[in-house]
Every structure is written in structure tokens, then in C-alpha cells.
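Asks: Sharing a structure with you now.
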Amino acid sequence: MNDSEFDVQVERYFEGSLDEAAMAALEAELTSSSRRRERFWELGEIHALARDAVRMGVVVPISSGSSGVWWTWRAVAMLLVGLLLGVGGTGALWAVTTSLTRTHSERLLSLEANGGAVVGAELPRGMTENQTWGGDLARWFGGSGFPKDSIRFVEASGEAESINPTSCDVYRIVDLRPLRSTESGEMVSLEFSAEFLDNRNEAGDQIRFTTRIELFSGEPSDFVRRWPRSRVAAVSAGSNQVSSLGGVAGNWRRVTANAFVPPAADFALLQLVATRKADGMPARFEEQYVGGIRLKLRTQPFSAGNSADRSPLR
Amino acid sequence: MSIPDEHVLQVQQLFVAHQSALRAFVFGLWPDSQEAEDVLQEVFMTVTRKASQFVLGTNFLAWARMIARLEVLAARRRRGKREVGEQRMLSEGVMSALVEACPSDWASEGRLAALARCVGLLAPHARELVRLRYFEERGPSQIASDLGRSVNAVDVALSKTREKLRECLRRQQPLGSSL
Chain B
1 MNDSEFDVQV ERYFEGSLDE AAMAALEAEL TSSSRRRERF WELGEIHALA
51 RDAVRMGVVV PISSGSSGVW WTWRAVAMLL VGLLLGVGGT GALWAVTTSL
101 TRTHSERLLS LEANGGAVVG AELPRGMTEN QTWGGDLARW FGGSGFPKDS
151 IRFVEASGEA ESINPTSCDV YRIVDLRPLR STESGEMVSL EFSAEFLDNR
201 NEAGDQIRFT TRIELFSGEP SDFVRRWPRS RVAAVSAGSN QVSSLGGVAG
251 NWRRVTANAF VPPAADFALL QLVATRKADG MPARFEEQYV GGIRLKLRTQ
301 PFSAGNSADR SPLR
Chain R
1 MSIPDEHVLQ VQQLFVAHQS ALRAFVFGLW PDSQEAEDVL QEVFMTVTRK
51 ASQFVLGTNF LAWARMIARL EVLAARRRRG KREVGEQRML SEGVMSALVE
101 ACPSDWASEG RLAALARCVG LLAPHARELV RLRYFEERGP SQIASDLGRS
151 VNAVDVALSK TREKLRECLR RQQPLGSSL
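Keeping their order, the protein sequence lines are chains B and R.
Quick note, the first sequence lines up with residues 1 to 314 if you use the numbering used here.
Quick note, the second sequence lines up with residues 1 to 179 if you use the numbering used here.
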């Protein structure tokens, strides 16, 4: 097999289209030469990274005369079809899917979005421990085509200790302790997602939208009192973002962040952010929204061995 | 002997810091994105369970990659016999040799960021191909159908696009440069 043929076989391997004979030939090449093994990783890196590059929010307008479609990260949630958060409800919705290897439980947690606040009302300013949305200047929003309980970003200010005048941050603390598993030997992760809309009709400066989830130990009240210094103590975190130049009004984009839940995690800080590098500070926002906010708890059993004392939420 | 919680936490934080590279590594050994996500969660569990065996300050990624290799094999065994048309998996021996050859900064966070920049530099038609292949997860035959082109033409175009990305990545951040 010459170099060019080897490259083709490796590309096919990463495309998942090698038949058995071709796979055997590829294995023989990989066994015979360290140079081949180096080339394998060199070729495979693009395949392995491309999906994550999308997660990072690379913005790619579709060409060929259509300027209005953007990349959005189609989250891991292909398993989760049809589950919608019961905003305003008090319960939780459970779903169980069976994969080829194990059973997953997925639980959508109620976030009781606005607690009865009316459309147009400002969100509470700053960080609060009472498990409601608050933060920089933002308002509840409603309208045709908008998810229930949407939030409109207004200005990157409002917190007493605002740490970034380019970002309008909306926060919420979620206490994880009531969710501690009654089952031993479970693995837990949280998936936090929301839909963002940049409703500018004309293209303009870049605005970045971020979902972030950070997990902490201890009492939320202590955390709030020491905010934002307390932030450095996160025991786990995940974030994801997309960027927009506008010009695609009405195009909601879901952004999903995942975080593993380690044993010490007592509560989660959820964060929705719009960031804009404006000439004037603090940055202002006119037509940027977030809605369809979901928090999903995923559990799965440990697969083998002694599972005692392993529950991350125990 | 009980494991100090603080040590386990630090090991878990290392996992979180390296999870993109580990996800890519798992994908390299088993090019199936959904399976890679599941295996990655298994890796996290094993890393947590074996945290006491890891010495802080040593090479976490190398240690976690060894665990990842074993988890890929275990997941494949659990899955059982392959289905008709499914690609055969690399043998354990070849996988071991590959793990040893994997550069330490392969698919690192820095290279991921560099690749994101490189995608942004592609011509629109090439970006569209990348979008269809890696975001929409469509195979070359589906892409060919969507675009009204032959499968061979799509294969060639995808190959050229990936080569452009590799060249861009080489310019921006050569492998081994962040060691």
C-alpha cells in the first residue's frame, strides 16, 4: 500500500466505511510502521475535532444564495426527542431510553421560569440564592414566535459587582441536594441548554451567546455572599457558545452545555450570556433574546464491579 | 483506605479540563460519535473510581487515555457481535500501538480552537461541506444527493477540504508545539 492509498484507507476508517478486508489491510499497515501510526493520528485529528469545533460555535452561513442559515449545535440530545420542560410546573418529567449497552435515565428539571412575573418586568438584579433568574439588566418577554418565558437581554450592567461590562449575564442557582440519588452506583451529568435569538434584520457587529453551567460545594447563601470571588471554586463546569452577526431574524439557535456531577456538588450555577464589544460601555442590546431553557439530569448505572459509595450525588 | 475527597475532586477537575481531547481520542479509536459520548462517560466513572491511583503532577492525559482504551474495548464487548454492514473495530494490539504513538497534544484544547479558526477561513462551499458532514452528520452519499453531485466528487471535495484544514492547523499550531 503506497502513501496515497494508506491515506484513503485511513479517511475511510474515520468515515466508518471500511469493509473487513480493507480493515485488515489497514491494521497490517499500522502494525508495520511507526510512521503509519503517526500519519493515522494526523489524518484523524480533523475528523475527531470537527464536531467539537462546531460546539465552539463556529458561525457558518450557508452559501449558494442563501445567507440566512446558521450553524447550531445539534446537541447530544438525539436520544431526548420530544421532551419539553414543563415551565411553570412543579414536577419533573422523566424519560428512560435504552441504549445498546445500558439504561439511561433522563430527567428534565422544572425551572419555573418567571415565578409569575409579567411580560416586560425586569429580572431581579444581581446574584440571588432564591433559585430565580436574575443578574444584569434584562426583561421577561413574550410574543408570537417566542418560547414561553423568554428573556430579553438589555444591558451589561445591573450587578453591584459586575465583572464584565461587555456581557449581559443572567444567572440562576439550582440546589442539587434534593436530587441526590437514592440509588447507589449512579453516574450523573447535567445538560443545560437554551435557545438564543439575534433578531436584527441587518448584519452588524458580532454578538456572542453563551450557556454555562458551573457546579459548587457548600451553601448557596455563602456562595452568593462571596460572589464573584466564590466562582473560582467550581468543582465542575461546562459551557458552549455561538456567535452571530445578525441579519437572520427569527432564527433561534439552541446552545447546550454539559457538566459531570462530582460527589461534592451541592448546587449548580446556570448562566445565560450575551456578549458584545461595543464602543460605549456598558454594552447595550436591542433585539437579543433567550428562551426554551432546559436543565436535564442524566443518570446511568456504573457498569461493573463494586458500585458502593460511588454515587456522585450521594 | 478511603480516598481523600479533595484528591478525587482534583482528578475530576483534570478530567473536565481534558475532556475535549479525551472525547476526540475515544472517537479516534471508535469513530462513532454517539458511542464516543457514552464511552466518555464510562471513562469519567473509571477515572473517579481509580483516582487514588493517579499521582497529581504526573501526566493525566496519558493515564486517562489508557483508561479510555480499555473502556472502548469494554464497550465494544458489551455491545456484542457487530451488525451487518458495521465497520470492524481495530484489534486490541493495533489499538495499543496507536495509543503509544498518539502525540501528547493531539486534539488538545489549543488545537481545537485553532481548527475552529481554520474552518472560518474556508471558502463558502468548503464550509458548507464541513457543515453537512460534521454538523448534519450526513454521509458522502447523502451529501451527493443533497447537492446533486456524484459521490466520488463529494469524496474528493471532502478530502481536499480536510487537507486544507490540516495545512491550516499545521501553520497555526504544529503538533508538539505546545509541549
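We treat Cβ as the ideally placed atom computed from N, Cα and C, and that holds for glycine.
Using the Cα positions of B/I62 and R/E128, report the straight-line distance between them to the nearest angstrom.
Replies: If you number the first sequence from 1, residue 62 of chain B lands on position 62. If you number the second sequence from 1, residue 128 of chain R lands on position 128. With a pLDDT of only 32 at B/I62, under 50, the local geometry of the prediction cannot be trusted, and the value read off the model is given with reservation. Their Cα atoms are separated by approximately 6 angstroms.
Asks: Give the single residue among R/K164, R/L40, R/V11 and R/V8 whose Cα lies nearest to the Cα of R/S20.
Replies: The residue given as residue 20 of chain R occupies position 20 in the second sequence. Minimum Cα-Cα distance from R/S20 among the listed residues R/K164, R/L40, R/V11 and R/V8 corresponds to R/L40.
Asks: The segment 33 to 55 of chain B: which residues have C-beta closer than 8 angstroms to a C-beta of chain R, in chain order?
Replies: S34, R37, E38, F40, W41, E42, L43, G44, E45, I46, H47, A48, L49, A50, R51, D52, A53 and V54
Asks: Among residues of its own chain, excluding the 5 on either side of B/M281, which ones have a beta-carbon nearer than 8 angstroms to its beta-carbon?
Replies: Position 281 of the first sequence, counted from the first residue, corresponds to residue 281 of chain B. Counting only Cβ-Cβ distances below 8 angstroms, and skipping sequence neighbours, we find A156, P165 and T166.
Asks: Please report the residue range of the alpha helix (DSSP H) in which B/F285 lies.
Replies: The count along the first sequence starts at 1 and reaches residue 285 of chain B at position 285. Taken as a continuous stretch (DSSP letters only), B/F285 belongs to no alpha helix (DSSP H), as it is neither H nor E.
Asks: Could you tell me whether the Cβ of B/A237 comes closer than 8 angstroms to any Cβ of chain R?
Replies: Taking the first sequence and counting its residues from 1, the one referred to as residue 237 of chain B is at position 237. So, interface residue.
Asks: Under a Cβ-count criterion, where at least 16 other Cβ atoms within 10 Å of its own Cβ denotes burial, should R/H125 be classed as buried or exposed?
Replies: The residue labelled residue 125 of chain R in the question sits at position 125 within the second sequence. Exposed, by the Cβ-count rule.
Asks: From the DSSP output, in three-state form, read off B/G292 for me.
Replies: Counting from 1 along the first sequence, the entry for residue 292 of chain B is found at position 292. When DSSP states are grouped into helix, strand and coil, B/G292 belongs to the strand group.
Asks: Of all the beta strand (DSSP E) runs that stay within the bounds of the segment 200 to 278 of chain B, which reach a length of 3 or more residues?
Replies: 203 to 216, 236 to 246, 252 to 260 and 267 to 276
Asks: With DSSP run on the structure shown, which of helix, strand or coil describes R/R117?
Replies: Counting from 1 along the second sequence, the entry for residue 117 of chain R is found at position 117. R/R117 falls in the helix class under three-state DSSP.
Asks: In chain B, which residues lie less than 8 angstroms from R/S52 when you measure between Cβ atoms?
Replies: Walking along the second sequence from the start, residue 52 of chain R turns up at place 52. Neighbours of R/S52 on chain B: none; closest Cβ ~13 angstroms, over 8 angstroms.
Asks: Is there a C-beta anywhere in chain R that falls below 8 angstroms from the one on B/V81?
Replies: Position 81 of the first sequence, counting from 1, holds the residue named residue 81 of chain B. Reliability fails at B/V81, whose pLDDT of 24 lies under 50, so the model's placement of it is uncertain and the value that follows must be treated cautiously. So, not an interface residue.
Asks: With DSSP as the reference, label B/S129 as helix, strand or coil.
Replies: Within the first sequence, residue 129 of chain B is the residue found at index 129, counting from 1. Residue identity differs from the one stated: residue 129 of chain B is Glu in this sequence, not Ser. B/E129 falls in the coil class under three-state DSSP.
Asks: Quick one: measure Cβ to Cβ for R/L9 and B/V235, integer angstroms, because I've assumed they're closer than 8 angstroms.
Replies: Against the second sequence, residue 9 of chain R aligns to sequence position 9. Against the first sequence, residue 235 of chain B aligns to sequence position 235. Yes, R/L9 and B/V235 are in contact; Cβ-Cβ is about 6 angstroms, under 8 angstroms.
Asks: Contact check, B/G217 vs B/D149 under 8 angstroms by CB: the rounded distance?
Replies: If you number the first sequence from 1, residue 217 of chain B lands on position 217. If you number the first sequence from 1, residue 149 of chain B lands on position 149. Per the sequence shown, the amino acid found at residue 217 of chain B is Ser instead of Gly. With a Cβ gap of about 30 angstroms, B/S217 and B/D149 do not count as contacting.
Asks: Which same chain residues, not among the five before or five after R/S2, have their C-beta less than 7 angstroms away from its C-beta?
Replies: If you number the second sequence from 1, residue 2 of chain R lands on position 2. The predicted model places R/S2 with a pLDDT of 39, which falls under 50 and marks its position as unreliable; any figure quoted below should be read in that light. Nothing meets the Cβ criterion.
Asks: Do R/C118 and R/Q53 count as a contact pair if the criterion is CB distance below 8 angstroms?
Replies: Position 53 of the second sequence, counted from the start, is the residue given in the question as residue 53 of chain R. Position 118 of the second sequence, counted from the start, is the residue given in the question as residue 118 of chain R. No; because the gap between Cβ atoms is not below 8 angstroms, this pair is not in contact.
Asks: Taking Cβ positions only, does B/E11 come closer than 8 angstroms to chain R?
Replies: Numbered from its first residue, the first sequence carries residue 11 of chain B at position 11. Chain R contact via Cβ: present.
Asks: By the criterion of Cβ-Cβ separation under 9 angstroms, what are the contact partners of B/L270 in chain R?
Replies: One-based indexing of the first sequence puts residue 270 of chain B at position 270. In chain R, no part has a C-beta under 9 angstroms from the C-beta of B/L270; the shortest such distance is about 17 angstroms.
Asks: Hey, is R/W63's beta-carbon within less than 8 angstroms of any beta-carbon in chain B?
Replies: As a working mapping, residue 63 of chain R is identified with position 63 in the second sequence. Output row for R/W63: interface = no.
Asks: Taking 8 angstroms as the CB-CB cut-off, is B/P262 touching chain R?
Replies: Reading the first sequence from its first residue, position 262 is the one you call residue 262 of chain B. Yes, B/P262 counts as interfacial toward chain R.
Asks: If you reduce the DSSP assignment to three classes, tell me which class B/W41 lands in.
Replies: Reading the first sequence from its first residue, position 41 is the one you call residue 41 of chain B. Look at B/W41 here: in three-state DSSP terms it is helix.
Asks: Between R/R138 and chain B, is there a C-beta pair that is closer than 8 angstroms?
Replies: Along the second sequence, read from residue 1 onward, the residue named residue 138 of chain R stands at position 138. Cβ-Cβ to chain B under 8 angstroms: no for R/R138.
Asks: Let me make sure I understand the geometry here. Which of B/E5, B/Y171 and B/R276 has the alpha-carbon closest to that of B/V124?
Replies: As a working note, residue 124 of chain B is residue 124 in the first sequence. It should be noted that the sequence gives Pro, not Val, for residue 124 of chain B. Taking only the C-alpha atoms, the option nearest B/P124 is B/Y171.
Asks: Give the DSSP-derived three-state secondary structure of B/V119 in the structure shown.
Replies: Here residue 119 of chain B is taken as the residue at index 119 of the first sequence, counted from 1. Looking at B/V119 - three-state DSSP - the assignment turns out to be coil, as it is neither helix nor strand.
Asks: Less than 8 angstroms between the C-beta atoms of B/R36 and B/L43, yes or no?
Replies: Here the question's residue 36 of chain B lines up with position 36 in the first sequence. Here the question's residue 43 of chain B lines up with position 43 in the first sequence. Not a contact, by the Cβ cut-off of 8 angstroms.
Asks: Suppose contacts are defined by Cβ-Cβ distances below 8 angstroms. Is B/Q288 in contact with B/S243 by that definition?
Replies: Locating residue 288 of chain B in the first sequence gives position 288, where the first residue counts as 1. Locating residue 243 of chain B in the first sequence gives position 243, where the first residue counts as 1. Their beta carbons are not under 8 angstroms apart, which means B/Q288 does not touch B/S243 by this criterion.
Asks: Distance check for R/E100 and B/Q271, CA to CA, integer angstroms please.
Replies: Your numbering for residue 271 of chain B matches position 271 in the first sequence. Your numbering for residue 100 of chain R matches position 100 in the second sequence. Cα to Cα, the separation comes out at about 40 angstroms.
Asks: Is B/S189 helix, strand or coil when you go by DSSP?
Replies: Numbered from 1 along the first sequence, position 189 holds the residue referred to as residue 189 of chain B. DSSP places B/S189 in strand when its eight states are reduced to three.
Asks: Check whether the Cβ atoms of B/G135 and B/G143 sit closer than 8 angstroms, and answer yes or no.
Replies: Residue mapping note: residue 135 of chain B aligns to position 135 of the first sequence, counting from 1. Residue mapping note: residue 143 of chain B aligns to position 143 of the first sequence, counting from 1. Not in contact: B/G135 and B/G143 (Cβ atoms no closer than 8 angstroms).
Asks: If we cut at 8 angstroms on Cβ distances, does B/G16 have a partner in chain R?
Replies: As a working mapping, residue 16 of chain B is identified with position 16 in the first sequence. It does; some Cβ of chain R falls within 8 angstroms.
Asks: Count the other CB atoms, across all protein chains shown, that sit within 10 Å of the CB of B/E202; report buried if there are 16 or more and exposed otherwise.
Replies: By one-based count along the first sequence, residue 202 of chain B stands at place 202. By the 10 Å Cβ count, B/E202 comes out exposed.
Asks: On a Cα-Cα basis, can you pick out the residue from R/S91, R/R133, R/L169 and R/A113 that is closest to B/E20?
Replies: To locate residue 20 of chain B, count along the first sequence from 1; it is residue 20. The shortest Cα separation from B/E20 among R/S91, R/R133, R/L169 and R/A113 belongs to R/S91.
Asks: Return no unless some Cβ of chain R is closer than 8 angstroms to the Cβ of B/F6.
Replies: The count along the first sequence starts at 1 and reaches residue 6 of chain B at position 6. With 8 angstroms as the cut-off, B/F6 does not count as an interface residue toward chain R.
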